[in-house]
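Data block below; observations after.
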Amino acid sequence: MTARIFKPAKNAMQSGTAKTREWQLDYEPEKPRMIEPLMGWTSSSDMQQQISLHFHTRDEAIAYCEREGIPYQVIEPKEPARRRAAYADNFAFRRPEPWTH
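Heads up, the sequence shown stops at 101 in UniProt numbering, and the numbers go up one at a time, no gaps.
Right, dumping it as structure tokens:
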């Protein structure tokens, strides 16, 4: 029962950074998911996959794992590449093609 400690990435439908500041602890699946023959849904009998804990800092999550004796793996977040853009760049002379309506 290994735990993953990570900062969740924003989903594709978000433009802001809500729910990405806290650290999350999820357990690695012990059993693979199986396809239910009647409906075709994926299911699992592993109850640890339903647990997701949230912490304010990485150190709090690590302290929790060490206190409870849970082996863990920390996944460091990747910083997003910020591209600085200004509205005036739409009308710049160095633009490859001229701006039109």
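Cβ coordinates follow ideal geometry from the N, Cα and C atoms, glycine included. Because the structure is a prediction, the values reported are computed rather than measured.
Inter-residue spacing [alpha-carbon to alpha-carbon] between residue i and residue j
i: Ile-75; j: Lys-10; result: 15 Å
i: Arg-67; j: Gln-50; result: 21 Å
i: Arg-21; j: Trp-41; result: 32 Å
Residues near residue i in its chain [Cβ-Cβ closer than 6 Å; skip 5 each side]
i: Ser-44; result: Arg-33
Own chain residues within Cβ distance below 8 Å of residue i, not counting five before or after
i: Ala-3; result: Leu-25, Asp-26, Tyr-27, Glu-28, Cys-65, Ile-70, Pro-71, Tyr-72, Gln-73
i: Ala-18; result: Lys-10
Contact under 8 Å by Cβ, residue i with residue j
i: Glu-30; j: Asp-46; result: yes
### Task
Specify whether the region 14-25 and the region 40-57 touch according to this definition: at least 3 beta carbon pairs, one from each stretch, less than 8 Å apart.
yes
### Message
Could you tell me which whole beta strand (DSSP E) segments of length 3 or greater appear in the region 6-93?
### Response
23-27, 52-55, 72-74
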